[in-house]
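*Asks:* Remember, the numbering used here sits 3 above the position in the sequence shown when you count from 1.
Each residue gets a CB set at the ideal place from its N, CA and C atoms; glycine is no exception.
First the structure, then my questions, so here it is.
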Amino acid sequence: MAQYRIVSGSVAVISIQNPPVNALSAAVREGLLLSVRAAASDPLVRSVVISGHNGPFCGGADIKEFGNVSHLESGPHLVEIFESVEALAKPVVAAIEGFALGGGLELALACHYRFGHSEARVGLPEVSLGLLPGAGGSQRLPRLLGVRAALDMIVTGRHVAAGEALKLGLLDRLTDGNTVDAAVRFAQSVEGKPLDDRRLGNRPCPPLENIDAFFEEALIHARGQARGAAAPLACVQAVRGAATLPFLKGMELEKRLMETLMTSGQAQASRYCFFTERGAARWTTPTGARWDTCRARPISTAAVIGLGTMGRGITVALARAGLSVVAVETQEHQLDQAQRAVSRMLKGRGGVSYSADLQAAAGADLVVEAVFEDMAVKEEIFKQLSSVCKPGALLASNTSSLDIDRLASCTLRPEQVLGMHFFAPAHVMRLLEVVSGPRTSPQTVAAAMQLGRRMGKVSVAVGNCPGFVGNRMLKPYLEQAYFLLEEGASPELVDAALEEFGFPMGVFKMSDLSGLDIGWRVRKEEGLTGPGVSADQPMRSRRGRRYSPLGDLMCEEGRYGQKTGRGWYLYDRPGGRVARSDPWLRSFLEEYRARHGLLARRIDQQEVLERCLYALINEGFRVLEDGVAASPQNIDAIYVFGYGWPKHRGGPMFYAAQVGLARVLEGLEKYHKAHPDSPHLQPCSLLRRLVASGSPPIHKWSEVVKGHRSQL
Ligand code: COA
4 MAQYRIVSGS VAVISIQNPP VNALSAAVRE GLLLSVRAAA SDPLVRSVVI
54 SGHNGPFCGG ADIKEFGNVS HLESGPHLVE IFESVEALAK PVVAAIEGFA
104 LGGGLELALA CHYRFGHSEA RVGLPEVSLG LLPGAGGSQR LPRLLGVRAA
154 LDMIVTGRHV AAGEALKLGL LDRLTDGNTV DAAVRFAQSV EGKPLDDRRL
204 GNRPCPPLEN IDAFFEEALI HARGQARGAA APLACVQAVR GAATLPFLKG
254 MELEKRLMET LMTSGQAQAS RYCFFTERGA ARWTTPTGAR WDTCRARPIS
304 TAAVIGLGTM GRGITVALAR AGLSVVAVET QEHQLDQAQR AVSRMLKGRG
354 GVSYSADLQA AAGADLVVEA VFEDMAVKEE IFKQLSSVCK PGALLASNTS
404 SLDIDRLASC TLRPEQVLGM HFFAPAHVMR LLEVVSGPRT SPQTVAAAMQ
454 LGRRMGKVSV AVGNCPGFVG NRMLKPYLEQ AYFLLEEGAS PELVDAALEE
504 FGFPMGVFKM SDLSGLDIGW RVRKEEGLTG PGVSADQPMR SRRGRRYSPL
554 GDLMCEEGRY GQKTGRGWYL YDRPGGRVAR SDPWLRSFLE EYRARHGLLA
604 RRIDQQEVLE RCLYALINEG FRVLEDGVAA SPQNIDAIYV FGYGWPKHRG
654 GPMFYAAQVG LARVLEGLEK YHKAHPDSPH LQPCSLLRRL VASGSPPIHK
704 WSEVVKGHRS QL
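Dropping the structure here:
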């Protein structure tokens, strides 16, 4: 809806009213157009102010309507409304508080003046929804800012703070006070003044030299960044239209490009990601605890134990969220180094104290243990924490795969023990897996979920099992990649296929980055490594199933990845980042295959994708079956925000639905037949059941899962 009132005798204030973000739903569009017409025809009205009701100006088009053509088609179109705003013969001032995003900023661009609160943000984030600013934004913004600045905003979708927006010329004025009052006063001061020059649709785009070369380069750059997403490229084309075509022709181009994007699977996937991110906050645990029935304990102080890479990142993330943090590292040398590194990352901001003594954790509301992955060491620490920490303090482990329940049983407060699995670098990566064991209390989960939100994370509540959700699913993916090497592929081939799919890094580059020794340590702990020469446990088989010792052999050679300058690739120095092919690896693989009588065969990218991704997806269905993740949406949020799964492909479970569950099942059956000693390729029963139920859409899977679980 839109509220309409006259103030100061001559100013019509139109206020968009659609909480919580004043999105432009059909009802709002209707109201807005009626209000604009009313202002146009009322002789008393000499100027207009458009604002958002109760705070935010406008969060853009109503994303909920996108999947629903009948909603989208009802009510006037944004383009039509914005044309009437721009054409109005009375000055229109946008009063921007909070944020003006997407269609919200496009509305402001159709106004003749833009007033902003000093803390407001503006942006055209459509690209992250697989779209472009399709209500004139791609045509008006370049006319206002020039091509370079507009292209940057449109292709990245970044939010721009008010101060920068003022410098760019996107906002005309800022105020610290009441934005609407200031805008009303300003509107009165420009009543009767000519408006032609203020109408962006009338203006040409500021000229740009070497325009063809500029856009060629922009397209190449966007393609490099897009990882297969179509929207950034369409954004470049639309802005090119603004720079080279008359306004109305540019608008036609924008419309055509938008229609193509809107109906694409990519926009659907990106939109799905928008809602999975937010849906994760409405969590349930495997024991049935829920977000809406649990009160969280307040957390204001935290201790981090162990200041390696993870511990440092976690310290920074907690301090940035406003907690006071005690960082504990018992090795003095490491403590000094960590102190310098953390201060650098925090840019001198306070809030962190350091200690070499675990006793320093005594007063913390929450302790996050982040020592290396060794169960015995962690058990010892939890035992000590249990007696050192104040009653009520939560004890979390940042383990990436170890048993939370075992850690809980070392303490006298198992209901306050949980996993908080951060992803490296912990102060940057958005994902947090909040792991509850069978005895973790709902209040403990609630507190960690709330803290995750304060840190700006996408927190997903998951159950306890080896690897939890993310790493558990990663295991079969990695395993298939190793098997493919044995069968004739190279790390370069496997990585290229996965990068083309949209991962920022293929599996082997990722292993080099995170360190091959980490998995090695876990496998040693599981008793999997070693020569395995006995008849019942030959080198390439463990416990009756296929096993590739390739990763172990690499570690035995001291090839831990980037940190040693050598891994699946070669780096110019230890810690180097630029991966080069390594001829050594080629002969290593050839020798390995010869030793084990393996014949290299030609493997294509499709097989790489199907084997790696279907194995991962299959495990995702098992995770659902076991109740370790509450929903396919939660699994997808984990993969998109923690594992680099491309947003425009929605997440592994969404992708499975998009490919077609029957096709995934068929693929798994085919590969399992060819590799019967690889149980991860054996289709799980939930997948079979979903296919047998006619492959329902993803939001209906939970019903099948429930029925399935009750039969297990
Ligand atoms: N349309 C429909 N619903 C929207 C929306 C939109 N444009 N923007 C936000 N919402 C909903 C969210 O889904 C959420 O709903 P929920 O409470 O049921 O989960 C609610 O509004 C609050 O959003 P949230 O993101 O949790 O709040 P926030 O204060 O952290 O952030 C924004 C507010 C506006 C910055 C953020 O929601 C955002 O970026 N929205 C998308 C803006 C956009 O891309 N617009 C262009 C559309 S083409």
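1) Ligand 1 and P128: does any heavy atom of the ligand fall closer than 7 Å to the residue's C-beta?
2) For Q362, count neighbouring C-beta atoms within 10 Å of its own C-beta (all shown protein chains included) and say buried if the count is 16 or more, exposed if not.
3) Tell me the residue span of the alpha helix (DSSP H) that contains M313.
4) Taking S11 as the reference, which of E219, R201, L47 and A5 has the closest Cα?
5) Is W587 buried or exposed, if buried means 16 or more other CB atoms sit within 10 Å of its CB?
6) With H, G and I counted as helix, E and B as strand and the rest as coil, what does DSSP make of L127?
7) Which two residues bound the contiguous alpha helix (DSSP H) that contains R343?
8) Let me check you understand the geometry: is the CB of L132 closer than 7 Å to at least one non-hydrogen atom of ligand 1?
9) Report the rounded CA-to-CA distance for S192 versus E502, giving the unit in angstroms.
10) Three Cβ pairs or more, each shorter than 8 Å: is that satisfied between the segment 671–685 and the segment 482–498?
11) Extract the residue ranges of the alpha helix (DSSP H) inside the segment 389–459, only unbroken runs of 4 or more that lie entirely within it.
12) To the nearest whole angstrom, what separates the beta carbons of L112 and L203, a pair I think is in contact under 8 Å?
13) What beta strand (DSSP E) runs, 3 residues minimum, are completely inside the segment 65–141?
14) Alpha carbons only, please: which of D184, R206 and P145 is nearest the one belonging to V51?
15) Which residues does DSSP pair with R176 in a beta bridge?
16) How would you label D295, buried or exposed, when you count the other beta carbons within 10 angstroms and need 16 or more for buried?
17) Taking a contact to mean a Cβ-Cβ separation below 8 Å, would you say I214 touches A246 in this structure?
18) Tell me which residues share the same chain as L3 and place their Cβ nearer than 7 Å to its Cβ, disregarding the 5 neighbours each side in the sequence.
19) Specify the secondary structure class of Y674 as computed by DSSP and reduced to three states.
20) Is the CB-CB distance between K393 and G366 below 8 Å?
21) What distance in whole Å lies between the Cβ atoms of A64 and G106, which are believed to be in contact at a cut-off of 8 Å?
22) Which same chain residues, not among the five before or five after V239, have their C-beta less than 8 Å away from its C-beta?
23) Around the C-beta of H120, are 16 or more other C-beta atoms found within 10 angstroms, so that it is buried, or is it exposed?
24) Does the count of Cβ pairs from the segment 659–668 and the segment 598–607 closer than 8 Å reach three?
25) Following the continuous beta strand (DSSP E) through I17, name the residue where it begins and the one where it ends.
26) Note down the Cα distance separating S688 from E610, rounded to an integer number of angstroms.
27) How many Å lie between A582 and Y572 at the Cα?
28) Going by alpha carbons, who is nearest to V438 out of M432, A451 and H711?
29) Can you tell me where the alpha helix (DSSP H) holding V370 begins and where it ends?
30) Can you find a heavy atom of ligand 1 that lies under 7 Å from the Cβ of I66?
31) Which ranges would you report for the alpha helix (DSSP H) in the segment 570–602 if only whole runs of at least 4 residues count?
32) Tell me the rounded alpha-carbon separation between D749 and Q565.
33) Kindly indicate which residue of H702, S696 and P700 has the alpha-carbon position closest to the one of H711.
34) Return the bridge partner residues of Q608 from the DSSP annotation.
35) On the three-state DSSP scale, how would you describe G466?
36) Tell me the DSSP secondary structure of V510 in three-state form.
*Replies:* This is what the structure holds:
1) Stepping through the sequence shown from its first residue, residue 128 is reached at position 125. Correct: P128 has its Cβ closer than 7 Å to ligand 1.
2) Within the sequence shown, the letter at position 359 stands for residue 362. Looking at its Cβ environment, which holds fewer than 16 other Cβ atoms inside 10 Å, Q362 is exposed.
3) What you label residue 313 is simply residue 310 of the sequence shown in a count that begins at 1. For M313, the enclosing alpha helix (DSSP H) has its first and last residue at T312 to R323.
4) The sequence position of residue 11 within the sequence shown is 8, counting from 1. When the alpha-carbon of S11 is set against those of E219, R201, L47 and A5, the nearest one is in L47.
5) Along the sequence shown, read from residue 1 onward, the residue named residue 587 stands at position 584. That one is exposed.
6) Along the sequence shown, one-based indexing puts residue 127 at 124. Secondary structure at L127: coil, using DSSP grouped into helix, strand and coil.
7) Residue mapping note: residue 343 aligns to position 340 of the sequence shown, counting from 1. Per DSSP, R343 belongs to the alpha helix (DSSP H) from E335 to M348.
8) On the sequence shown, residue 132 is found 129 positions in, with the first residue counted as 1. True, at least one ligand heavy atom lies under 7 Å from that Cβ.
9) Counted from its first residue, the sequence shown places residue 192 at position 189. Counted from its first residue, the sequence shown places residue 502 at position 499. S192 and E502: Cα-Cα distance of roughly 56 Å.
10) Yes: at least three Cβ pairs fall under 8 Å.
11) Listed in chain order, they are 407–411 and 445–457.
12) In the sequence shown, the residue the question calls residue 112 occupies position 109. In the sequence shown, the residue the question calls residue 203 occupies position 200. Confirmed, about 6 Å.
13) Within the segment 65–141, the complete beta strand (DSSP E) runs of at least 3 residues are 95–99, 102–104, 116–120 and 124–126.
14) Reading the sequence shown from its first residue, position 48 is the one you call residue 51. A check of alpha carbon separations from V51 across D184, R206 and P145 identifies D184 as the nearest.
15) Numbered from its first residue, the sequence shown carries residue 176 at position 173. Looking at the DSSP assignment, R176 forms a beta bridge with F118.
16) As a working note, residue 295 is residue 292 in the sequence shown. With fewer than 16 Cβ atoms within 10 Å of its Cβ, D295 is classed as exposed.
17) One-based indexing of the sequence shown puts residue 214 at position 211. One-based indexing of the sequence shown puts residue 246 at position 243. Contact: yes.
18) Residue 3 falls outside the range modelled here, since the chain spans only 4 to 715, and no answer is possible.
19) Indexing the sequence shown from 1 puts residue 674 at position 671. For Y674, the secondary structure class from DSSP, reduced to helix, strand or coil, is helix.
20) Within the sequence shown, the letter at position 390 stands for residue 393. Within the sequence shown, the letter at position 363 stands for residue 366. Contact: yes.
21) Position 103 of the sequence shown, counting from 1, holds the residue named residue 106. Position 61 of the sequence shown, counting from 1, holds the residue named residue 64. Contact between G106 and A64 holds, since their C-beta atoms are separated by about 4 Å, short of 8 Å.
22) In the sequence shown, counting from the first residue as 1, residue 239 sits at position 236. Annotation for V239: L154, V158, F218, A221, L222 and A225 place their beta carbon closer than 8 Å to its own, counting only its chain and skipping 5 residues before and after.
23) Translated into the one-based positions of the sequence shown, residue 120 becomes position 117. Within a 10 Å sphere around the beta-carbon of H120 sit 16 or more other beta-carbons, which makes this residue buried.
24) By the Cβ criterion, the segment 659–668 is not in contact with the segment 598–607, since fewer than three pairs of Cβ atoms, one from each stretch, lie closer than 8 Å.
25) Locating residue 17 in the sequence shown gives position 14, counting from the first residue. Where I17 is concerned, the enclosing beta strand (DSSP E) starts and stops at V14 to I19.
26) Translated into the one-based positions of the sequence shown, residue 688 becomes position 685. Translated into the one-based positions of the sequence shown, residue 610 becomes position 607. Between the C-alpha atoms of S688 and E610 there is a straight-line separation of about 23 Å.
27) Within the sequence shown, residue 582 is the residue found at index 579, counting from 1. Within the sequence shown, residue 572 is the residue found at index 569, counting from 1. If you take the alpha carbons of A582 and Y572, they lie about 6 Å apart.
28) The sequence position of residue 438 within the sequence shown is 435, counting from 1. Checked all of M432, A451 and H711; the closest Cα to V438 is A451.
29) The residue given as residue 370 occupies position 367 in the sequence shown. Looking at the DSSP string, V370 is not in any alpha helix (DSSP H); the run it does join, the beta strand (DSSP E), is L369 to E372.
30) Residue mapping note: residue 66 aligns to position 63 of the sequence shown, counting from 1. Yes, the Cβ of I66 comes within 7 Å of a heavy atom of ligand 1.
31) For the segment 570–602, whole alpha helix (DSSP H) runs of length 4 or above, ordered along the chain, are 586–598.
32) Absent from the structure is residue 749, since the part of the chain shown begins at 4 and ends at 715.
33) Counting from 1 along the sequence shown, the entry for residue 711 is found at position 708. Looking at the Cα atoms, S696 is the closest of the given residues.
34) Mapped onto the sequence shown, residue 608 falls at position 605. In the DSSP output, where bridge partners are listed per residue, Q608 has none listed.
35) Reading the sequence shown from its first residue, position 463 is the one you call residue 466. Here G466 sits in strand by DSSP.
36) The count along the sequence shown starts at 1 and reaches residue 510 at position 507. Looking at V510 - three-state DSSP - the assignment turns out to be helix.
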